[in-house]
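Q:
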Amino acid sequence: MCKFSKYIKYLQGIDRTIPMVNPKPSCRPTISYRPIQPSDLEILEQIHADLFPIRYEAEFFQNVVNGHDIVSWAAVDRSRPNGQSDELIGFVTARIVLAKESEIGDVLSYEPSKSDQTLIYILTLGVVESFRNLGIASALIREVIKYASSIPTCRGIYLHVISYNNAAIHLYKKMSFMCVRRLQGFYLINGQHYDSYLFVYYVNGGRSPCSPLELVTGT
Ligand SMILES: CC(C)(COP(=O)(O)OP(=O)(O)OC[C@H]1O[C@@H](n2cnc3c(N)ncnc32)[C@H](O)[C@@H]1OP(=O)(O)O)[C@@H](O)C(=O)NCCC(=O)NCCS
564 MCKFSKYIKY LQGIDRTIPM VNPKPSCRPT ISYRPIQPSD LEILEQIHAD
614 LFPIRYEAEF FQNVVNGHDI VSWAAVDRSR PNGQSDELIG FVTARIVLAK
664 ESEIGDVLSY EPSKSDQTLI YILTLGVVES FRNLGIASAL IREVIKYASS
714 IPTCRGIYLH VISYNNAAIH LYKKMSFMCV RRLQGFYLIN GQHYDSYLFV
764 YYVNGGRSPC SPLELVTGT
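In terms of this note's numbering, the sequence shown opens at residue 564 and continues consecutively.
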């Protein structure tokens, strides 16, 4: 759940009402993955409203569906009936940032001379409730890892997660993301501060400035 102020409209209470989007998977869902497209706009907005305590600007959704500065993947259940077989049941959105302009420069070892080095920042990730624990978010993260690895300048993927989100924290650890920082009071939701964890997954030789060996040897 990103906190890019550019995209955030307001923060709401975390006591969520019953989600509006809660389609039932068929006995054997056939999940497939594709880019998010303009026809996904309405359902994308609805699922974000259902899943997150943060309200995103209309500009954010426009940028997602039109692929402006944002890369995205949708999960759909091809086995759903009644024209729903292409309807979003999960998504991940991310953007490319310059490593030198990111907030994680200190946990990334890179050559300052190579100013074109980049990172992928995961903005939002979600799966509608009835489709959870089927490995859909894991598959979406794998898509991001594959994409990041295919960009020669990319050194890693990073994201923030609110400190009480055990399902997401479990997921990122399972996917071998490293928790590099706890940020006190990072989120302000309904007048209350919540900490966040910062997770990083290194690709293409990206690494933290000190490897375990360097810490031991002091080199
Ligand atoms: C976090 C989220 C994306 C996971 O989606 P998903 O498709 O269910 O994820 P997966 O099926 O790939 O993996 C879920 C893992 O979390 C585990 N899990 C589920 N609920 C859990 C909980 N409350 N505490 C700890 N682990 C939990 C599952 O057992 C599974 O792990 P396993 O494969 O080791 O058994 C989904 O719960 C969600 O959309 N939550 C609301 C939005 C959100 O929090 N997004 C992340 C913002 S940073």
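Where a beta carbon is used, it is the ideal one built from N, C-alpha and C, also for glycine.
Predicted model, so just to flag it, every value in this text is computed and none were measured.
1) How big is the Cα-Cα spacing for I633 and G689?
2) Quick check: Y684 and L734, are their CB atoms within less than 8 angstroms of each other?
3) According to DSSP, is H611 part of a helix, a strand, or is it coil?
4) Heavy atom of ligand 1 less than 7 angstroms from the Cβ of R695, yes or no?
5) How close, in whole Å, do the beta carbons of Y760 and Y750 come, if the pair is a contact with beta carbons under 8 angstroms?
6) Would I699 pass as a contact of A638 if the rule is Cβ separation under 8 angstroms?
7) Is the distance from the Cβ of P586 to the Cβ of Q625 below 8 angstroms?
8) Apply the 10 Å Cβ neighbour rule to C717 and answer buried if 16 or more other Cβ atoms are within range, or exposed otherwise.
9) According to DSSP, simplified to helix, strand and coil, what is S771?
10) Which term fits P601, buried or exposed, when burial requires 16 or more other beta carbons within 10 angstroms of its beta carbon?
11) Distance check for S726 and R618, CA to CA, integer angstroms please.
12) Flag this pair as yes or no: are the beta carbons of A657 and L686 separated by less than 8 angstroms?
13) With a threshold of 6 angstroms on Cβ separation, who are the neighbours of E608 within its own chain once the five nearest residues in sequence on each side are excluded?
14) Cα separation between R579 and Y570?
15) Compare the beta carbon distance of T593 and D640 with 8 angstroms and say whether it is the shorter of the two.
16) Need the endpoints of the beta strand (DSSP E) that S739 sits in, please.
17) Hey, quick one: how far does the alpha helix (DSSP H) through F520 stretch, first residue to last?
18) Give the secondary structure of I699 by DSSP, where H, G and I count as helix, E and B as strand, and everything else as coil.
19) Do S739 and ligand 1 come close, with the Cβ less than 7 angstroms from some heavy atom?
20) Please classify R579: does DSSP put it in a helix, a strand, or coil?
21) Run the CB neighbour count on S712, radius 10 Å, all protein chains shown included, and call it buried at 16 or more, exposed below.
A: Straight from the coordinates:
1) Distance from the CA of I633 to the CA of G689, rounded to the nearest whole angstrom, comes to 16 angstroms.
2) No. Outside cutoff.
3) Here H611 sits in helix by DSSP.
4) Answer for R695: yes, Cβ within range of ligand 1.
5) Y760 to Y750, Cβ: 11 angstroms. No contact.
6) The Cβ-Cβ distance between I699 and A638 falls below 8 angstroms.
7) Taking 8 angstroms as the Cβ cut-off, P586 and Q625 do not qualify as a contacting pair.
8) That one is buried.
9) Coil at S771, not helix or strand.
10) An exposed status is given to P601, since fewer than 16 other beta-carbon atoms sit within 10 Å of its beta-carbon.
11) Answer to the nearest angstrom: the Cα atoms are 19 angstroms apart.
12) In this structure, A657 sits near L686, with a CB-CB distance shorter than 8 angstroms.
13) Excluding residues up to 5 positions away in sequence, F624 lie with their Cβ nearer than 6 angstroms to the Cβ of E608 in the same chain.
14) Legend: pLDDT at R579 = 39, less than 50; position of this residue unreliable, no value from coordinates given.
15) Taking a C-beta distance under 8 angstroms as the contact criterion, T593 and D640 qualify as a contact pair.
16) Looking at the DSSP string, S739 is not in any beta strand (DSSP E), and its letter there is neither H nor E.
17) The displayed coordinates of the chain run from 564 to 782. Any statement about residue 520 would go beyond what the structure contains.
18) It is helical.
19) Not so, every heavy atom of ligand 1 lies at least 7 angstroms from the Cβ.
20) Because R579 carries a pLDDT of 39, less than 50, the predicted location of this residue cannot be relied on, and no value is offered for it.
21) Looking at its Cβ environment, which holds fewer than 16 other Cβ atoms inside 10 Å, S712 is exposed.
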